[in-house]
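A.B. asks: Sharing a structure, written as structure tokens. Questions coming.
Chains as they are written, first to last, in the numbering used here: chain A, 320 to 819; chain B, 635 to 975.
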């Protein structure tokens, strides 16, 4: 049905190289009015590069760029915005300390003839604007107090309000709970009716298939398939993405998975009655050696605060922690590290040094074991090389600045830095977020290997698939409290969602 | 000089342009230094003489000593505005604990030289510790914390000297600050030694690595299990102690200890570090950069004297040079961020 709508944007033969490496090779891409266009591909397949070209962030590329039938060339993001093309990134760019209304009107507040901001008019119009899109929220609320899903909808509203008719959404559903995804999809449906065009990039192929009209698949900088969403399937898309039959990797987890019986291995970490402000209420659990404990809950259920308490970053108001039976009070993350706890946060920016070489990123957490006072760079490189080999980090050059690596490989570096001297307890926050199928599988294998070496592992995630593919035992958090523990029983995505 | 602080490029085959852009913060100050030296050498016959090189070295020594510690602080992406005041109060303290001639009307406490030196060092370390605690335990931004300390240290100075001028200082300090060995002033040797020590600590020790990592990404440093507060606090104490040593030798160099003696050293020290190319956002740069920055300032100050320029214009020119350095500093950060994202 979308085929008969007029093309808004046509790209022909787009090629883009970074330092001799071709990130995109001769891409043709058409976006029609009132179309939701899904984009899938592994990390580094070229999706983001193409979107950055469309959004004006990369100006130097080869090929034809036709907007509304006229050949165009954007020199900057500003040019693209002026032409009505806007991108909403995975990491939102909202101002958490401003109100909803201020965020909607960011950069274009209504002013009276003396140049004073018309606050009341702004709040009223923001409220109307949001309500029109089916978003019901008090425009005077502080942005940072709202759940992430709502913040995202408000950011989309702002972008639309500034006149965007082509909207590029990068991984919009990865941080959302199922009801929030529903809300997002109904908003996108409305925008499609208005005749706006949307590019939807996601690793969640189910989401892509549900919401898109057309799906394009990228692999290694090439467009390998384009199909109407109604006429294709998940298996076909995955095959196109990866190139071989990998369906078993992306099990749907709809059927039951049998968790192993309760472990009688020694307890490594015992958390008792932890409470933090409004985000954690009387949380108790234990993590055992050689076992992966999954902590599952929707975004904002308190799981991130819980992880931070375990690593000494956040002090609990009440409750205590014991590591291998000894009571611990972690004043600093350094104390937690010395007690044998390793922590991989959910964002790469929070764990890696992009301007430093790979080997320094890997050695940072174990430097006190390698060097008393004077550094031993050759030893650091040696250790880093071993980790790069073990985790198959590419390119395998430990002197390369971390920023030159792809996202998935950076994530592996974030894990590698804890493994040279294995900790007693490894806490992984969202270990597979934003990863492609192959990289996810690598993480599963790494975690299983670590488990077999006797580490206690805690996986904290808002993605049921992540928890289901990794955990031996699952604790479900809801509004800061433990509501359910799955142990030695059958579990499925449905049951997890139901519990949370 | 810049070789001390460069990171090896990943592959020699990488484009030269990208490399130059990444290294801009090291290259630009060095080119500035060469340009200024060439300019003054051409403009004045008395500039490029061996004697004058000695002058420049002596003139930048006190700034150099103070700038060593400040380099640590700026690499951590913090700032220390109290260095000049701490230098001043330490210089005054060492005189306060030394027997003064009877015409100096200060109710001081005379002590043996070694005790005076230790007490003075203890004082500056203590002031640095207060900065450190304010920054890390209470969480006052270093800009404000050290602004308060600037005033506190000036207040202690005022109370100690009460508008008087003291002249006598321990022999060791007098020797290091104002005499020479084999034609080389001791103060130059001390400055060179401290700069070298600072470089060794920053480049070859675990603590130095931590300073760069904390400056490069504080959040990641914390999630890597580093004691970020301890590292920041240490940098503040190192800064205060370096300032104190600079203050004691400065007093010997000037020949007297009095209020407001070091006021120009705050701007000079910050300028030396920043002009040299150490990033104001932390994590990039080092002592090598600071040395280049010191020479840029030293050559500029000294050269302007040789070309007989209006002394009031000198102040403006220094301000403009600092502004240019800031522009390059911020620009270099952006360039780097765009090459290695």
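Beta carbons are placed, not taken as given, at the ideal position from N, Cα and C, and that holds for glycine.
What you are looking at is a predicted structure, and each value in this text was computed from that prediction instead of being measured.
Here's a check: name, in chain order, each residue in its chain whose Cβ is nearer than 8 Å to the Cβ of residue 542 (chain A), leaving out the five neighbours to either side.
C.D. replies: Reading the first chain from its first residue, position 223 is the one you call residue 542 (chain A). Hits under 8 Å: 346, 347, 348, 535, 536.
A.B. asks: Taking the Cβ atom as the reference point for each residue, do residue 737 (chain A) and residue 697 (chain A) lie within a distance shorter than 8 Å?
C.D. replies: Stepping through the first chain from its first residue, residue 737 (chain A) is reached at position 418. Stepping through the first chain from its first residue, residue 697 (chain A) is reached at position 378. The answer is no: Cβ separation not under 8 Å.
A.B. asks: Would you verify that the beta carbon of residue 664 (chain A) is, or is not, closer than 8 Å to some beta carbon of chain B?
C.D. replies: Within the first chain, the letter at position 345 stands for residue 664 (chain A). With 8 Å as the cut-off, residue 664 (chain A) counts as an interface residue toward chain B.
A.B. asks: Of the choices B:945, B:934, B:707, whose alpha-carbon is the least far from that of residue 694 (chain B)?
C.D. replies: The residue labelled residue 694 (chain B) in the question sits at position 60 within the second chain. Comparing alpha-carbon positions, the option among B:945, B:934, B:707 lying closest to residue 694 (chain B) turns out to be B:934.
A.B. asks: Would you mind working out which of A:715, A:652, A:769, A:689 sits nearest residue 676 (chain A), comparing C-alpha positions?
C.D. replies: Here residue 676 (chain A) is taken as the residue at index 357 of the first chain, counted from 1. Of the candidates A:715, A:652, A:769, A:689, the one whose C-alpha sits nearest the C-alpha of residue 676 (chain A) is A:715.
A.B. asks: Could you tell me the distance, in whole angstroms, from the CA atom of residue 861 (chain B) to the CA atom of residue 652 (chain A)?
C.D. replies: Residue numbering aside, residue 861 (chain B) sits at position 227 when the second chain is read from its first letter. Residue numbering aside, residue 652 (chain A) sits at position 333 when the first chain is read from its first letter. Taking the straight line from one Cα to the other gives about 7 Å.
A.B. asks: Sort out for me which residues DSSP pairs residue 406 (chain A) with in a bridge.
C.D. replies: Numbered from 1 along the first chain, position 87 holds the residue referred to as residue 406 (chain A). Residue 406 (chain A) pairs with A:487.
A.B. asks: Compare the C-alpha of residue 865 (chain A) against each of A:435, A:354, A:747, A:398 and name the closest.
C.D. replies: Here chain A covers residues 320 to 819 and nothing more, so residue 865 (chain A) does not appear.
A.B. asks: According to a CB-to-CB cut-off of less than 9 Å, which residues of the region 836-849 of chain B neighbour chain A?
C.D. replies: 837, 838, 839, 840, 841, 842, 843, 844, 846, 847
A.B. asks: Can you have a look at residue 547 (chain A) and say buried or exposed, based on whether 16 or more other CB atoms are within 10 angstroms of its CB?
C.D. replies: On the first chain, position 228 is the one that residue 547 (chain A) refers to. By the neighbour-count criterion, in which 16 or more other beta carbons inside 10 Å mark a residue as buried, residue 547 (chain A) falls on the exposed side.
A.B. asks: What did DSSP end up calling residue 804 (chain B) once you bin it into helix, strand or coil?
C.D. replies: On the second chain, residue 804 (chain B) is found 170 positions in, with the first residue counted as 1. Coil at residue 804 (chain B), not helix or strand.
A.B. asks: Would you please state the rounded distance, in angstroms, between the beta carbons of residue 751 (chain B) and residue 804 (chain B)? I believe it to be under 8 Å.
C.D. replies: Residue numbering aside, residue 751 (chain B) sits at position 117 when the second chain is read from its first letter. Residue numbering aside, residue 804 (chain B) sits at position 170 when the second chain is read from its first letter. 6 Å between Cβ atoms; contact.
A.B. asks: Can you confirm whether residue 868 (chain B), when its beta carbon is compared against all beta carbons of chain D, has any partner nearer than 8 Å?
C.D. replies: Absent from the structure is chain D; the protein chains it does hold are A and B.
A.B. asks: Is residue 710 (chain B) closer than 8 Å to residue 875 (chain B) when the C-beta atoms are compared?
C.D. replies: As a position in the second chain, residue 875 (chain B) is number 241, starting the count at 1. As a position in the second chain, residue 710 (chain B) is number 76, starting the count at 1. Contact flag unset, no.
A.B. asks: Cβ atoms of residue 797 (chain A) and residue 616 (chain A): under 8 Å apart, would you say?
C.D. replies: Along the first chain, read from residue 1 onward, the residue named residue 616 (chain A) stands at position 297. Along the first chain, read from residue 1 onward, the residue named residue 797 (chain A) stands at position 478. Closer than 8 Å, so yes.
A.B. asks: Just checking: is the beta-carbon of residue 552 (chain A) within a distance shorter than 8 Å of some beta-carbon in chain B?
C.D. replies: On the first chain, position 233 is the one that residue 552 (chain A) refers to. Output row for residue 552 (chain A): interface = no.
A.B. asks: Do residue 578 (chain A) and residue 410 (chain A) have their C-beta atoms closer together than 8 Å?
C.D. replies: The residue labelled residue 578 (chain A) in the question sits at position 259 within the first chain. The residue labelled residue 410 (chain A) in the question sits at position 91 within the first chain. Result no, Cβ atoms of residue 578 (chain A) and residue 410 (chain A) do not sit closer than 8 Å.
A.B. asks: Checking contacts by CB at 8 Å: is residue 675 (chain A) closer than that to chain B?
C.D. replies: The count along the first chain starts at 1 and reaches residue 675 (chain A) at position 356. Yes - at least one Cβ of chain B is within 8 Å of the one on residue 675 (chain A).
A.B. asks: Buried or exposed: where does residue 827 (chain B) fall if 16 or more other Cβ atoms within 10 Å of its Cβ makes it buried?
C.D. replies: Looking up residue 827 (chain B) in the second chain gives position 193. Residue 827 (chain B) comes out exposed.
A.B. asks: Between residue 748 (chain B) and the rest of its own chain, which residues show a CB-CB distance below 8 Å, the 5 nearest in sequence each way excluded?
C.D. replies: For the purposes of this step, residue 748 (chain B) is identified with residue 114 of the second chain, where counting begins at 1. The answer, listed in chain order, is 804, 806.
A.B. asks: What ranges does the alpha helix (DSSP H) occupy inside the region 564-646 of chain A, keeping only unbroken runs of at least 4 residues that lie completely in it?
C.D. replies: 622-629
A.B. asks: Just how far apart, CA to CA, sit residue 944 (chain B) and residue 950 (chain B)?
C.D. replies: Counting from 1 along the second chain, the entry for residue 944 (chain B) is found at position 310. Counting from 1 along the second chain, the entry for residue 950 (chain B) is found at position 316. Approximately 10 Å, taken between the alpha carbons.
A.B. asks: Taking the alpha carbon of residue 818 (chain B) as the point to measure from, which residue in B:897, B:689, B:670 has its own alpha carbon closest?
C.D. replies: Here the question's residue 818 (chain B) lines up with position 184 in the second chain. When only C-alpha atoms are compared, the closest one is B:689.
A.B. asks: Can you pull the DSSP bridge partners for residue 537 (chain A)?
C.D. replies: One-based indexing of the first chain puts residue 537 (chain A) at position 218. The partner list for residue 537 (chain A) (beta bridge, DSSP) reads A:360, A:542.
A.B. asks: For a cutoff of 8 Å on Cβ pairs, would you count residue 832 (chain B) as touching chain A?
C.D. replies: For the purposes of this step, residue 832 (chain B) is taken as the residue at position 198 of the second chain. Chain A, which has no Cβ nearer than 8 Å to the Cβ of residue 832 (chain B), makes this no.
A.B. asks: Determine the chain B residues that contact residue 672 (chain A) at a beta-carbon separation under 7 Å, and present them in chain order.
C.D. replies: In the first chain, counting from the first residue as 1, residue 672 (chain A) sits at position 353. Correct list: 847, 850, 851, 854.
A.B. asks: Could you have a look at residue 803 (chain A) and say whether DSSP puts it in helix, strand or coil?
C.D. replies: To locate residue 803 (chain A), count along the first chain from 1; it is residue 484. Strand, per DSSP.
A.B. asks: At 4 residues or longer, what runs of the alpha helix (DSSP H) sit wholly inside the region 742-770 of chain B?
C.D. replies: Correct list: 747-767.
A.B. asks: To which residues does DSSP link residue 398 (chain A) through a beta bridge?
C.D. replies: Along the first chain, read from residue 1 onward, the residue named residue 398 (chain A) stands at position 79. Answer by DSSP bridge pairing: none, since residue 398 (chain A) is not bridged.
A.B. asks: At a CB-CB cut-off below 7 Å, which residues of chain B make contact with residue 655 (chain A)?
C.D. replies: If you number the first chain from 1, residue 655 (chain A) lands on position 336. Around residue 655 (chain A), the beta-carbon contacts reaching into chain B at under 7 Å are 859.
A.B. asks: Tell me whether the beta-carbon of residue 404 (chain A) lies closer than 8 Å to the beta-carbon of residue 483 (chain A).
C.D. replies: In the first chain, residue 404 (chain A) corresponds to position 85, counting from 1. In the first chain, residue 483 (chain A) corresponds to position 164, counting from 1. Cβ atoms of residue 404 (chain A) and residue 483 (chain A): closer than 8 Å.
A.B. asks: Helix, strand or coil, according to DSSP, for residue 670 (chain A) in the structure here?
C.D. replies: Within the first chain, numbered from 1, the residue matching residue 670 (chain A) stands at position 351. Looking at residue 670 (chain A) - three-state DSSP - the assignment turns out to be coil, as it is neither helix nor strand.
A.B. asks: Given this structure, state the Cα-to-Cα distance separating residue 858 (chain B) from residue 734 (chain A), to the nearest angstrom.
C.D. replies: On the second chain, position 224 is the one that residue 858 (chain B) refers to. On the first chain, position 415 is the one that residue 734 (chain A) refers to. Each residue's alpha carbon lies about 11 Å from the other.
A.B. asks: Put residue 344 (chain A) into one of helix, strand or coil per three-state DSSP.
C.D. replies: Taking the first chain and counting its residues from 1, one reaches residue 344 (chain A) at position 25. Looking at residue 344 (chain A) - three-state DSSP - the assignment turns out to be strand.
A.B. asks: Using a Cβ distance threshold of 8 Å, determine whether the region 627-642 of chain A contacts the region 585-604 of chain A, with at least three qualifying pairs required.
C.D. replies: yes
A.B. asks: Sort A:642, A:604, A:460 by Cα distance to residue 591 (chain A) and report the nearest one.
C.D. replies: Within the first chain, the letter at position 272 stands for residue 591 (chain A). Nearest option by C-alpha distance: A:604.
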